[in-house]
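See below for the structure under consideration.
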Amino acid sequence: MKDISIPINKVDNEDKCSGKAMYVADYKIEGMLYAFTVRSSIAKGEILKIEYPVLPEGYFIVDHRDVPGKNIVKVIYDDMPVFTSGKITYLYEPISLIVGPKKEVLNDLLKQVKISYQEEEPAFDWTDSVVHYHFDKGDGLNAFRGLDRIEYNYETSYQEQAYIETQGFIGYPEEDKVTLVGSIQCPYYVKNAVIQALGAAEDKVRIIQATVGGAFGGKEEFPSLIGCQLAVAISKIKKPIQLIYEREEDMLVTTKRHPSRVNFVGYIKNNRIYGLKAVVGIDGGANIGLSGVVLSRALIACTGAYSIEHLDISGDVFRTNTVPNGAFRGFGAPQMFFAVEMFFEHVAKRLKLDSLKFKLNHLARQNDFTSTMGIFRDPVLMPEMVEKVIKESDYIKKRKDYEDSSFKGIGMSLFFHGCGFTGSGEQNHIKAKVKLKKDQDKVYILIAAVDMGQGVKTSFRKLVAHILDIDIERVIFDNPDTDFVPDSGPTVASRTMMIVGGIVARAAKEVKERFNEETFTVFKQYEQPEYIKYDEASFKGDAYPAYSWGVNVVEVEVDKDTYQVNIKKTWSVYDIGKAIDERIVMGQADGGLAQGLAYGYLEVMNHKRGKIMQKNMTDYIIPTAMDMCPMETYLFENPYAYGPYGAKGVGELSLIGGAPAVAMAIEQAIKKKVFKIPVTPEYIMELINNGEN
Amino acid sequence: MVNSYLPLTLEECLEILAKHDVKIVAGGTDMLIQNRSHTSMSIGFKSDVIYISNINELKRIYEDDMFVYIGSCCSLEMIMENELVPSLLRDTILEMASPAIRHTATLAGNIGNASPAGDSLVPLYLLDALVEIRSASSVRRVALIDFIKGVRKIDLSKNELITEVIIPKLKFSDCYFKKVGPRLSDAISKLSFAGAYRLESNIIEDIRFAFGAVNVSVVRRRELEERLIGKTVTKVKEMIDEILVWYDEFIIPIDDQRSNKEYRKNISLKLLRSFIENIE
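In the order they appear, the protein sequences are chains A and B.
Counting in our numbering, the first sequence runs from 236 upward without gaps.
Counting in our numbering, the second sequence runs from 32 upward without gaps.
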């Protein structure tokens, strides 16, 4: 049989290239209304009074009083109201919807809404800790006594997902049932949130995924908020309604990557980091939401790709009166890997050691303990991967040459990504279920996984067709509809192929055994590998069932006059277990690295008293093809026993190493230590004038 | 309700301008964005509009002994590809926006928009460009440096239209344009710089500098340039620190969402220094 990795054309190429694919904005329903959102104009306070204009016939206001169920959006931590009942915690917080048939009229009505507030002083500094975690490894603090210490601080700022298609839903009523069609990653997150907001029975809410134009984590939990708002409006007005954000609204109010601050103290013994103390802070924005989970993924990654015997790790989520932050490809790991990679680099420099050798001396090996006393059970191929990347990029020679030349640099990052939900999340919270249905000569994949451009439709049909040894045309995979597919969990956390694909593969094997039967359905549920034991409270045990690994080398030139960074070339090596489709993996590799590099040197987003300053694609600078460079990528096979054909996670891994690698390359080019990202020309100028050598 | 006019001739256009209070739209790449509204709603113009992009008489590029004339409806792409146009301007256009925008945006529109970050204004100031302005009853020529009065302020009456951009034919030994944008293409400048000079046996016959996005409009100071004319290259290079001080008071950029004033000022002066150092 052919190697499954051999690429095929993506199954949705034709629909997407021809314009046939239906995005949520393409749906038109006779008699449909539009919804515009009324928002706060202050960052903190209480609403004293709202004066709405007189509404013309057929126009409606929908607010917190219309929420029939619980006025809380079900996320992980329940602290976000569907509509505020008076308390304002961030600028542009949603207060109500104005709904009606004509956008022009809605626009005018929106301008006439008058709101008076009792304003309070908003909090923008990081003092209000709402989640605090701490864990030790080895002897913790006690191991550090009497050792030399090296301390550095690192900072990362916002990143915006900048998905191609903005957030949106269209919904309609059918008797007492509400159906929403949306641009979403997690149909069942939306369904469960709407059930709670409406106080409805499970069979009275139906969520259908429209074709999704990119998500990057931005459509993980945020759609639950507007899905609830729209469902409340539909259940009140009983008409089809469309709610789609304009780009500026989307950029001003939707979740972004958490800004972070990391303080590291390394305790040195025999030229090694013997102990590490980390104090980590992330800005959660106005709601906690899933920030705690982001923080724990960051903390677990505190030693990077390395083994350190003694740890004292703590972290906080701080609440501020700013736009709530949320899921974004990498989920806390990009922040931590930037900090830890730079820290190893800087410690090596202080100790006057070669930083690559220093890192390789600390590299985690098979059967080493993880930061949480889990075990790296599978082979770790990093030494071979590093060797490969050195050979392809000529890293050693260039690294040496650029020491003596100015404004050229090369950097290397080493990293991993824990695949699937953290800890026992899969077993305890998600409990993924899948169905495969055989009917005549067709096999239907019934799962809730969303193709948001990453190729799930192609790779899953290919997987099932390959196992059954039938033509891919006979395997059907429609966009998930919660009336027909079981909850296989959200499309997040690099879990889709490894976890859901693993269950689908098991189901497909059963279908194969019974293939002579005409019509039947196979149901399978996630079974956690026996060895996974994790205690969330104490951060002890195997935080992830498997790890994907990566190495990035980035070469840059910095303009000596303007300090603009020009990326010359990148070389990457990844261990993702096994590629189900090599071209799709290469697409993830290039796109993820571009997004990770841009996080490191290009994408600037900040707020001024709670207001996001880069509110459109003119001001928020993502890379164009002109800014990117040739990218060489190599894959190492290292099959994971529970992944289909050995597959592990791909989607997030490729973003993680970009920022530290480009930051290190710039550091070499300018001969000054880099402590924060993005490394903009403005920051480079500051470093050249006042930075540490 | 907003009325739209679509004249096919200049005469027709000037008549409409004489009779009605209308906003002029050429390529529309700024006007449509500035007046944008929700998706699927019509553009939110607040007054009547005249679309001039169908006037073929304004799409010509030609020359005489003294000047190159660029019709105000020529797209940036047309200008970039025309060999009559000075290379400094063509090099600048290549750095502007994206190919799609360049195919519809006009040079006259960039002038009419009078943004402090308008890239084409930098070489046009340096080249002493003029604009021809017509109304139904008058024609006048005005130097660009006088035409632009400030941020989005221009010397144009309601009944007038920019019909041509007129560029003197100048000879330089070398000229240079540098756009400092946040990325390598399709972005608004943080700052920009243009420089040009003419040497005759190592003596500066002419020298010009222009700076974009560091003041309300492009910074060009002929009186400072004149101090250098007639001097040897060596002498001018010796004066670099002094020259930078001359420009200090005119380079007064701001902080905004794209950059900060320290960077804009420092880099502008660095580009000036590096340009002078490279004269040969």
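We put the beta carbon where it would ideally sit given N, CA and C, even for glycine.
Of the listed residues B/236, B/35, B/257, B/120, nearest to residue 198 of chain B (C-alpha basis): B/120
Short Cβ contact (8 Å threshold) for residue 267 of chain B with residue 235 of chain B: yes
CB-CB length for residue 929 of chain A against residue 607 of chain A, believed under 8 Å: Because chain A here runs from 236 to 928, residue 929 of chain A falls outside it and cannot be looked at.
Contact check, residue 742 of chain A vs residue 669 of chain A, beta carbons under 8 Å: yes
Contacts of residue 261 of chain A in chain B (Cβ-Cβ under 9 Å): Ordered by position in chain B, no residue passes the 9 Å Cβ test against residue 261 of chain A, which lies about 11 Å from the chain.
Check whether residue 913 of chain A and residue 838 of chain A have beta carbons under 8 Å apart: yes
Between the CA atoms of residue 871 of chain A and residue 288 of chain B - distance to the nearest angstrom: 42 Å
Within chain B, partners of residue 920 of chain A - CB distance below 9 Å: 293, 294, 297, 298
Listed by chain order, chain B residues near residue 385 of chain A by CB distance under 8 Å: None at all; the shortest Cβ gap to chain B is about 31 Å.
Beta carbon proximity, residue 302 of chain B to chain A, threshold 8 Å: yes
Residue 217 of chain A, buried or exposed, once every other Cβ within 10 Å from all chains shown has been counted against 16: Lying before the first or after the last residue shown, residue 217 of chain A is absent from chain A, which here runs from 236 to 928.
Bridge partners - residue 930 of chain A, DSSP secondary structure assignment: With chain A running from 236 to 928 in the structure shown, residue 930 of chain A is simply not present.
Chain-ordered chain A contacts of residue 213 of chain B [CB-CB under 7 Å]: 856
Contacting positions in the segment 333-353 of chain A - beta carbon closer than 8 Å to chain B: 338, 339, 342
Cutoff 8 Å: residue 329 of chain A Cβ touching any chain B Cβ: no
6 Å Cβ shell around residue 888 of chain A - same chain, five flanking residues per side excluded: 652, 783, 785
Where residue 618 of chain A falls, given that 16 or more other Cβ within 10 Å makes a residue buried: exposed
CB contact flag (residue 80 of chain B, residue 33 of chain B, <8 Å): yes
Contact list for the segment 189-219 of chain B against chain A, Cβ threshold 7 Å: 211, 213, 214, 215, 216, 217, 218, 219
Spatially closest choice to residue 63 of chain B from B/77, B/203, B/241, B/264, by CA coordinates: B/77
Residue 393 of chain A burial status per 10 Å Cβ neighbour count (16 or more: buried): buried
CB contact check: residue 865 of chain A to chain B, cutoff 8 Å: no
Proximity of residue 549 of chain A and residue 657 of chain A at Cβ, strictly below 8 Å: no
Residue 408 of chain A in three-state terms, based on DSSP: strand
Against chain A: residues of the segment 237-270 of chain B by CB proximity under 9 Å: none
Interface residues of the segment 899-928 of chain A facing chain B [CB-CB below 7 Å]: 916, 917, 920
Residue 290 of chain B at chain A interface by Cβ criterion, 8 Å: yes
Neighbour list for residue 861 of chain A in chain B, Cβ cutoff strictly below 7 Å: 215, 216
Alpha-carbon to alpha-carbon, residue 528 of chain A and residue 930 of chain A: The structure shown does not extend to residue 930 of chain A, since chain A is modelled only from 236 through 928, so no value can be given for it.
Three or more C-beta pairs below 8 Å linking the segment 670-685 of chain A and the segment 590-601 of chain A: no
Contacting residues, own chain, Cβ-Cβ under 7 Å from residue 351 of chain A (five flanking each side not counted): 283, 284
Cβ-Cβ distance between residue 563 of chain A and residue 403 of chain A below 8 Å: no
8 Å CB neighbourhood of residue 901 of chain A in its chain, flanking five on each side removed: 644, 646, 791, 793, 800, 836, 909, 914, 919
Through-space distance from residue 378 of chain A to residue 963 of chain A, alpha-carbon basis: Any answer about residue 963 of chain A is impossible in this case: the structure gives chain A only from 236 up to 928.
CB of residue 188 of chain A within 8 Å of CB of residue 508 of chain A, strictly: The requested residue 188 of chain A does not occur in the structure, where chain A is confined to residues 236 to 928.
Partners in chain A for residue 72 of chain B, counting only beta-carbon separations shorter than 8 Å: 338, 339, 342
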